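Asks:
Number of protein chains: 2
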Amino acid sequence: MNMHAIEKEIEAADRAINESDFEVVSNSYAQDATLVVRPGLLANGRQEIREAYQRISDYFNGSLEVSQGDVLVVEAGDTALVLAKTFVKSPKKLDSEYPSERDAIYVYRKEENGRWLCAIDNSYGLELLRQLDT
Amino acid sequence: MNMHAIEKEIEAADRAINESDFEVVSNSYAQDATLVVRPGLLANGRQEIREAYQRISDYFNGSLEVSQGDVLVVEAGDTALVLAKTFVKSPKKLDSEYPSERDAIYVYRKEENGRWLCAIDNSYGLELLRQLDT
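Just so you know, the sequences run in chain order A and B.
Under the working numbering, the first residue of the first sequence is numbered 1, with each subsequent residue one higher.
Under the working numbering, the first residue of the second sequence is numbered 1001, with each subsequent residue one higher.
1) Residues of chain A with CB under 9 Å from residue 1120 (chain B), in chain order?
2) Quick check on the burial criterion: 16 or more other C-beta atoms within 10 angstroms. Buried or exposed for residue 75 (chain A)?
3) Taking the alpha carbon of residue 1020 (chain B) as the reference point, which residue from B:1007, B:1044, B:1032 and B:1059 has its own alpha carbon closest?
4) Along the chain, which unbroken stretches of the beta strand (DSSP E) at least 3 residues long are found entirely within the segment 7-92 of chain A?
5) By the criterion of Cβ-Cβ separation under 8 Å, what are the contact partners of residue 125 (chain A) in chain B?
6) Which word fits residue 1013 (chain B), buried or exposed, when buried means at least 16 other C-beta atoms lie within 10 angstroms of its C-beta?
7) Starting from residue 1115 (chain B) and walking both ways along the alpha helix (DSSP H), at which residues does that stretch end?
8) How many Å lie between residue 1092 (chain B) and residue 1017 (chain B) at the Cα?
9) Against residue 33 (chain A), what residues of chain B qualify as contacts under a CB-to-CB distance less than 7 Å, listed in chain order?
10) Where DSSP assigns a beta bridge to residue 1095 (chain B), which residues make up the other side?
11) For the candidate residues A:130, A:10 and A:35, whose alpha-carbon lies nearest to that of residue 1137 (chain B)?
12) Could you check where the alpha helix (DSSP H) with residue 131 (chain A) kicks off and where it finishes?
13) Judging by CA-CA distance, which residue of A:42, A:95, A:70 and A:78 is the nearest neighbour of residue 102 (chain A)?
14) If distances are taken between C-alpha atoms only, which option among B:1086, B:1096 and B:1121 comes closest to residue 1057 (chain B)?
What follows is the structure, given as structure tokens:
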């Protein structure tokens, strides 16, 4: 099966995360993108997102390794909903309170130059909704 | 707490579904919207979406009653990810094979006139991803 252009973007972003190249990571997001850093905490725009990745990396003692399992893309024009099984490993942070396997939900937007950029990154998936009840 | 403009749109669309007014329902979707009718079956654009609602209504013997519980909106400029607990009742179709309680995932887009329209409607939530493994 051919890989969707968005899957290639996600793969490239994962590689950049794993290499701690947060400049490349933040450029895979739209200018006005929102990242769910953790439930209740959002980062807006590339600068905040880059800073958030630096803090996330620090939390994981610089040993963040992310990858995706199954990925499903539903498109509507220049907008796409992406559901992805996401794996977060951190060999130097074995006592992390965050789950290492997640059902992530992303929204991608196609720019005028044809490149898909991440507009909303919620690696916590539906967990956000459940936290409203607690 | 003030209701988000998108929640009002969802509430109005639910009311129209419950009144079988599928013209109003389809106009709550963007022109190029995608509706996940059921896992593996998509409807694209307002006409297909209106026809799909008619078929869904027929399946439920005209007795579809939808409503939302908790709703969470994550915005990024003119794009929004919406996570919603959705309830589907069908008093005249008690043997439906589809779940009556769902964690739905929607993507909304703000039009130039300021109105939020549904671009992607996936009431099956992350179930779509799990079906890839079967």
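Note that CB positions come from ideal geometry on N, CA and C, so glycine has one too.
As the structure is a computational prediction, the values presented were derived from the model and not from experiment.
Replies: So, from the data block:
1) 74, 75, 76, 79, 80, 81 and 107
2) buried
3) B:1059
4) 29-38, 41-44, 65-76 and 79-89
5) 1126
6) buried
7) Element bounds for residue 1115 (chain B): n/a, residue is neither H nor E.
8) 15 Å
9) 1076
10) Looking at the DSSP assignment, residue 1095 (chain B) forms no beta bridge with any residue, so it has no partner.
11) Given a span of 1001 to 1134 for chain B in the structure shown, any question on residue 1137 (chain B) remains unanswerable.
12) 127-131
13) A:70
14) B:1096
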